[in-house]
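With mature numbering (1 follows the signal peptide of the UniProt record, and there is no 0) applied, the sequence shown corresponds to residues -21 to -1, 1 to 1056, in that order. The beta-carbon is built from N, C-alpha and C at its ideal position, and this holds for glycine as well. Since this is a predicted model, take the numbers as computed values, not measurements. Following: one structure in structure tokens, then a few remarks.
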Amino acid sequence: MKNHISLFIFAIALLSGPVSANDLSMTAVKDTLASIPGEHNYIYVRTPLGEDEEKNYDEITFYDGLGRELDFAQSYGADRAGAIMAHHHLIEYDSLGRKEKQWLSTNTSFSYMSPEDLKGGVLWDYHDAGKRSYLQTNYESSPLNRITEQYGVGDAWGDHPARMEYLTNIPADSLRCSFYFIDDNDSLIRRGDYRSGELQVTKATDEDGKPTYTFVDKQGRTLLTRLGRGNQQADTYFVFDRFGRIRYVLPPMINDEISAGNLDLYAYQYLYDSFGRCISKKLPGCAAIGYVYDKADRVILSQNGNQSQKKEWTFTFYDNQGRLALTGLCSFNDPPSLDNSIVRAYRTTSEKDGVLHSGYEVEHFPYTLSSLLQVNYYDDYNFTTDTQLAFGLEKIGKVQYDSLYINREASLISAQGRLTGTKIKVLDDERYLTSALYYDYKGRIIQGRSQNHLGGYDTDFYSYTYTGKLFARLHTYQIGNGKRHMEEYTYEYLADGELRDVYHRVDNAYRANHLLYYTYDNARRVFLKDVGGLGAYTMYTYDVRDQVIKTMCRFFLSEEISYNASPGIPCYNGNISSLAWRSEEDDTDGISKGYRFAYDSMNRMTDACYGEGENLTGNLNCYDEQVTSFDKNGNILGLCRNGAVGPASFGAIDSLNLSYQGNHLLNVTDHAKNNMYGSTTDFKDGIRSSAEYAYDLNGNLIQDLNKGISRIRYNCLNLPSAIEFTDGRTISYLYSADGTKLEVIHAMGDSITTTDYCGKAIYENGSLDKILLDGEGFVSFADDVSYSYHFFLKDYLGNVRVVYNEDREAEEVNHYYPFGGILASSTPSVQLYKYNGKELDRKGGLDWYDYGARMYDPVLGRWHVADPMSEKNYSITPYGYCLNNPVKHIDPDGKQVIPVPSPLPLPFYYPLTNTQSYRLPSDQQIMRHTSGKFAELGQIINHTPKMSYAFGTLLFYQAKNAISPEYEHQRKRDRRNKEGLDRNQANVAESIDTNVSGMMPNGDPAPKRDPKDKKRIIKVGKKVIIGLAIDRTYMELTNPDPTQDAYETHTNQVEGREEYSTDYVGDIYNWIKKLFE
């Protein structure tokens, strides 16, 4: 008997956008279902895409008699004959019912297809994969069903599997583990090594034979992760107290030397009170961060090292529903005890009443508050009487924007629980910027209004399609009494949700600019992209692992990325072996240029050898970049760089020796005798001293004598407020309390330049200079009326390679060293956005990229501020750039390392989130989950008979954290409200996941991933190093305070029930456990 379930999901929306759809009638559906053999079960899902019932998106999942998923079919359009086509994903099981082969998708009719037919289709579609067009998983012969090998797609990976071995420790070689414990005097003690057989050891070896060892005790706690092999091994130890709480994390530089000095310089240290709450956290090389809790176990006060010198504390108050209401600063000598009080903020009747005129009163906190940083308002719009912030559709002349809204005059119950407004302080200033958010009856933001720091107002309007995708977005800019400028984006989608077209219009222009156009191949990957509507198409070619291997723009630039092919050393684990490009604008007759790369056993880039010609063997070494050595934490000890030393001559321009105190840079010595020719980047050895660099108690760089910087001042967010040079020059910064950069003033002698940032609008000395185009270029303004478009052509890392105008003329061509320096072959600059699409400040010889949370120096390959998320990667220096593999990773905002080109099918995303009522977990709750759930999860990973699910889910969650909208909001809690309305601000010009649909670093949509597609979750295993992924996941789970820094700890904001169903660690645990069950 045939069992089936048909689900018809209907949606109601006010507007129906231009979404193409399948023309599959109900009669055709019935015919399709009737064709399914009786022995197969299925679930059919139809999602209407519009009011017309012929516009739908259809899916069928087929199951065998045991309920195992066999095939998943997704409709995507019709062929020339009108037949509905679908992507099919086949799964095969071994004799014990375990997933053995997961085939690549194939495209055929939207109906049941036999496994033999599907295999034939896959082999035809992916003939370059050979006979291995599937991911194969092998298991050990035991009831544990643990994975032993995974073979990636393609014949080339037949001899290069990722392997797992399950061992026990021995007191020698790679299986040795030191025994650390906390004694009765609360001291860290090392007592030899663990005896043989006391620990379980999992050895994960990637496709290139590079191992990772994970040592787990009988309680399921990870005690050691060991990366690398031979002399390059790096050990990270986790030390727990007798209550199972993590007390120390010992990075590789400790190397079993646990002196007080080493612990201060390198170790992560945690202290707890009698209730088990983390009251002190010390990061490497920084002063301790203190925490004070109330009776509800919520962090109310925190103090970092810089604040301790001023007796200053950061406070965080919550309302009676547990929502963050107030953050700010206060001062007293000794921290108070709040153990017997529940500190609560509650609204007053007037916006001007309450503490510091916040509109809130605070009970059970009998101390004086100094200043507010941020105020959040919920449930209503009584927080402001500013008429400019009230809802309205005035002056926009558009009818597609929703007039159904929730406001003071037409309040609805759905306003309850929503963030309705914020008041944010301008740091180093006395001003506050107020904003308001308005919603439709579905809880979607339809309008946002905010004050800007230039005395004007910014307004955003949003419109949605029938299915809830963003259809139109209008933004207005105005400073003071100046002219009001407008820009509008409209979006069009294909039937299965992929973005097809983006149009942009400035100031009610008669004709919108066709900013972006995409087409997709049969695997739903971006095949063609046109920026600017000028025919400058970029075509993309992929390998069988969905990795981009070639891009070609017929007018400007082509690029080839090699992984396991020549001319570089083949890499099978995802590292890039070589990169070659050909620029039509270079005077080289179309000759290829590029790099061949080499890596060490920890996948750190050690050599980038430049060459030209077909195999990159001509004109060798012109622009080489080589890391001669690292310390065990990944700090660069030696860096050599070649470049142009004359019009047509090349040589060594940098031969750097770097010295450290802990992870802090002390001095740099350049032994190269040549200076780089032209205005490109190289190191200037401005002084010879034993202490050329200095840091504050928070680990921020405060002195760089080589650049002539005598002092760098920072605000409470560890963002620079002023850079002072020894010759009197200064650079001043103005930020708001949510981390948004508002203004930069360059005082270079007699020349003073003021740059203001209002969202994506950039003003120079009071006049509108440009508006950024969501990472695809900018609109330049000659005056308030005349403007012109300029477009970016980017590479796979999001680096701006070519800037061209509306006449399709190249205005700027850039080539880069792997770590981000600019090659001398680049043309003169016409704009500041370069490497990773970030703003490069070259004035005064600064040469720093602004990533948002931190500044980056491409000459040294280092950040100048410690990683605010350093506890995500315990084994790596907090100042290292992208795990020392800059050709495989990017850091979109200075907080998170992301592998690119992305090997994962990822969800589309646009930068709007329903702001719903939800109480985020306290640090104490996070810590409890860390101590408890981590151990339980460790046991599951090591003993579950469904290890295949563990691999896939852990790997997917890691990548999901990196790019998905859920983790996007977690990463940006300290800069969330205004950025939620306009994420692509100037100082963060290019973020991988802030565009309209989950973009790649080069601005392309990431391949779509359906959340129900478990095949694709497991498919990740063929593309990511299993061992390293589990290692990093373990390290995240052992973190007692994943919120990382004090300010971010206290800006846990309301972002929506859908985004935060539970706390971070509990979310991982429950998700994985549910899959196991």
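Take every Cβ of the region 38 to 48, pair it with every Cβ of the region 15 to 26, and state whether three or more of those distances are shorter than 8 Å.
Segments in contact, yes.
8 Å contact criterion, which residue 97 and residue 139 should meet: CB distance rounded:
26 Å between Cβ atoms; not a contact.
Quick one: using the 10 Å Cβ neighbour count with 16 as the cut-off for buried, is residue 644 buried or exposed?
With 16 or more other Cβ atoms within 10 Å, it is buried.
With H, G and I counted as helix, E and B as strand and the rest as coil, what does DSSP make of residue 314?
In this structure, DSSP gives residue 314 a state outside helix and strand, which the three-state scheme calls coil.
Considering only DSSP beta bridges, list what residue 225 is partnered with.
Looking at the DSSP assignment, residue 225 forms a beta bridge with 219.
Determine the DSSP secondary structure at residue 94, reduced to helix, strand or coil.
If DSSP states are grouped into helix, strand and coil, residue 94 belongs with the helices.
Proximal residues to residue 173 (C-beta, below 6 Å), its chain only, five neighbours per side dropped:
Excluding the 5 residues flanking it on each side, residue 173 has same chain C-beta neighbours closer than 6 Å at 148, 156, 158, in chain order.
Got a sec? Which residues, its chain only, sit under 6 Å from residue 587 by beta carbon, not counting five neighbours each side?
Contacts found: 574, 576, 604, 797.
Quick check: what's the CA-CA separation for residue 330 versus residue 321?
Note on geometry: alpha-carbon atoms of residue 330 and residue 321 lie some 24 Å from one another.
If you draw a straight line from the C-alpha of residue 694 to the C-alpha of residue 700, how long is it?
The straight-line gap from Cα to Cα measures roughly 6 Å.
What residue range is occupied by the uninterrupted alpha helix (DSSP H) comprising residue 240?
Note, residue 240: alpha helix (DSSP H), 239 to 245.
If you scan the region 105 to 141 from start to end, which runs of the beta strand (DSSP E) of 3 or more residues do you find wholly inside it?
If only uninterrupted beta strand (DSSP E) runs of at least 3 residues are considered, those enclosed by the region 105 to 141 are 113 to 118, 126 to 130.
Residue 353: first and last residue of the uninterrupted beta strand (DSSP E) it sits in
Where residue 353 is concerned, the enclosing beta strand (DSSP E) starts and stops at 348 to 357.
If you draw a straight line from the C-alpha of residue 178 to the C-alpha of residue 150, how long is it?
Answer to the nearest angstrom: the Cα atoms are 11 Å apart.
Residue environment, residue 221, which counts as buried when at least 16 other CB atoms sit within 10 Å
Residue burial is scored here from C-beta neighbours: residue 221 has fewer than 16 other C-beta atoms within 10 angstroms and is therefore classed as exposed.
How far does the alpha helix (DSSP H) with residue 285 in it reach, from first residue to last?
Residues 284 to 288.
Best match in 519, 707, 752 for proximity to residue 731 [C-alpha to C-alpha]
Looking at the Cα atoms, 707 is the closest of the given residues.
Between which residues of its own chain and residue 346 is the CB-CB distance below 7 Å, once the five residues before and five after are set aside?
In the same chain as residue 346, and ignoring 5 residues on each side of it, the C-beta atoms closer than 7 Å to its own belong to 309, 311, 315, in chain order.
Could you check whether the region 827 to 846 touches the region 863 to 875, counting it as contact only if at least three pairs of C-beta atoms, one from each stretch, sit closer than 8 Å?
Contact holds: three or more Cβ-Cβ distances are below 8 Å.
Check whether the region 530 to 547 touches the region 841 to 848, counting contact only when three or more Cβ pairs, one atom from each stretch, lie closer than 8 Å.
No, the region 530 to 547 does not touch the region 841 to 848.
Uninterrupted alpha helix (DSSP H) stretches inside the region 630 to 700 (no shorter than 4 residues)
Listed in chain order, the alpha helix (DSSP H) elements of length 4 or more contained wholly in the region 630 to 700 amount to none.
For a quick check, are the C-beta atoms of residue 280 and residue 292 less than 8 Å apart?
Yes, the Cβ-Cβ distance between residue 280 and residue 292 is below 8 Å.
Rounded C-beta distance between residue 269 and residue 282? I'm assuming under 8 Å.
5 Å between Cβ atoms; contact.
Whose C-beta lies closer than 6 Å to the C-beta of residue 564 among residues of the same chain, with five residues either side of it excluded?
Same-chain partners within the cutoff: 789, 792.
According to DSSP, is residue 152 part of a helix, a strand, or is it coil?
The answer is helix: DSSP assigns residue 152 an H, G or I state.
On the premise that residue 209 lies in contact with residue 580, defined as a C-beta separation below 8 Å, what is that separation, rounded to the nearest angstrom?
Rounded, the Cβ-Cβ distance is 7 Å, consistent with contact.
Going by DSSP, which residues form a beta bridge with residue 203?
According to DSSP, residue 203 bridges with 194, 216.
Taking a contact to mean a Cβ-Cβ separation below 8 Å, would you say residue 479 touches residue 468 in this structure?
Against a cut-off of 8 Å, the Cβ pair of residue 468 and residue 479 comes out as no contact.
For residue 64: DSSP bridge partner residues
The partner list for residue 64 (beta bridge, DSSP) reads 56, 88.
Endpoints, the beta strand (DSSP E) within which residue 746 is located:
Here the beta strand (DSSP E) through residue 746 covers 746 to 751.
Would you call the CB atoms of residue 552 and residue 134 closer than 8 Å?
By the CB criterion at 8 Å, residue 552 and residue 134 fall outside the cutoff.
One or two residues paired with residue 449 in a DSSP bridge:
Answer is 443.
Going straight from the alpha carbon of residue 622 to that of residue 805, what length do you get?
Inter-residue distance for residue 622 and residue 805 is about 12 Å (C-alpha atoms, whole angstroms).
Suppose you measure from the CA of residue 665 to the CA of residue 820; what does that come to, to the nearest Å?
The straight-line gap from Cα to Cα measures roughly 19 Å.
Residue 611 classed as buried or exposed, judged by whether at least 16 other C-beta atoms fall within 10 angstroms
Buried is the label assigned to residue 611, since at least 16 other Cβ atoms lie within 10 Å of its Cβ.
Give a yes or no on contact between the region 857 to 871 and the region 648 to 667, applying the rule of three or more CB pairs nearer than 8 Å.
They do not touch, by the three-pair rule.
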